[in-house]
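The working numbering applies: residue 28 is where the sequence shown begins, and numbers increase by one. For every residue, glycine included, the Cβ atom is placed at its ideal position computed from N, Cα and C.
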Amino acid sequence: NSTAECLAEYICAELTTMLDQYDISHLHTIMVGVEEAPTQMAYYRRSLPRSRE
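This is the structure we're talking about:
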């Protein structure tokens, strides 16, 4: 795993946790991108649960 991949996964997890306080029931997925250099990008995508109670 590259640093950008690990950072993208970490940021996505943190963002998902922070979003728990909001009604995001209309969202299906979340995707985070991290760019180390102009040609070095990594993305992490996560499906969100349908019911977020």
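In the DSSP annotation of this structure, the continuous segment of the alpha helix (DSSP H) that includes Ile38 starts and ends at Thr30 to Leu46. When beta bridges are read from the DSSP output, Tyr71 appears opposite Val59. For Ile57 and Tyr49, the gap between their C-alpha atoms comes out near 14 Å.
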